[in-house]
Amino acid sequence: METGYIKLEDIDTNKPVVEVKIVNGTVWMTINEIADLFGIYTPTINEHLKVIFKDALLRESDVIKECRYTRNEKEEYIRIYYNLEVIIFLSFRIQSLYTKAFREWVLNAFCEYGKEATEPEVIILFNTNTRKSTLNIPN
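Here the sequence shown stands for residues 2 to 140, numbered as in my numbering.
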């Protein structure tokens with residue numbers, strides 16, 4: 002499975018660098034990778050995930066992918082990956098230099114996308130029941 006990646010560099014400077022490789026519209030990361038990315042401990046990630054899923058802010062079935070792996074031809078284990086939506090949600094719930102830099106990247110990426118849009122008006126509709134977005138371009 003190709004997961005993409007997120008790299009944060011020079012976070013403690015005035016010009017942090019955020020590099021994101023999106024594969025098939027998202028990035029997939031494990032809890033350990035997210036904790037390393039944001040410079041926090043995995044129990045903190047787990048606490049926030051419980052609240053996010055309990056409050057139905059995201060549906061686990063929509064944002065989690067389980068991959069089975071075999072180790073030493075005998076041991077089978079499951080690795081759980083969380084998508085970019087989860088990473089973005091977590092970045093707005095957790096306070097650190099790393100999450101701040103990532104939040105700025107999210108906002109800048111969205112604004113830059115808006116500047117490069119070729120249509121003068123775009124309406125994005127989001128259906129909370131189906132969790133699908135629809136892009137409408139008015140005439």
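Each residue gets a CB set at the ideal place from its N, CA and C atoms; glycine is no exception.
Asked	Found
Quick check on DSSP: helix, strand or coil for T43?	helix
Could you tell me which of I23, N25, V24, L50 sits nearest to A36, measuring between CA atoms?	L50
I'd like the span of the alpha helix (DSSP H) that includes I89, first residue to last.	85-94
Classify T14 as helix, strand or coil using the three-state DSSP reduction.	coil
In the DSSP output, what is C112 paired with across the bridge?	The partner list for C112 (beta bridge, DSSP) is empty, contrary to what the question assumes.
Around the C-beta of S62, are 16 or more other C-beta atoms found within 10 angstroms, so that it is buried, or is it exposed?	exposed
Return the residue from the list Q96, R94, I89 that minimises the CA-CA distance to A110.	I89
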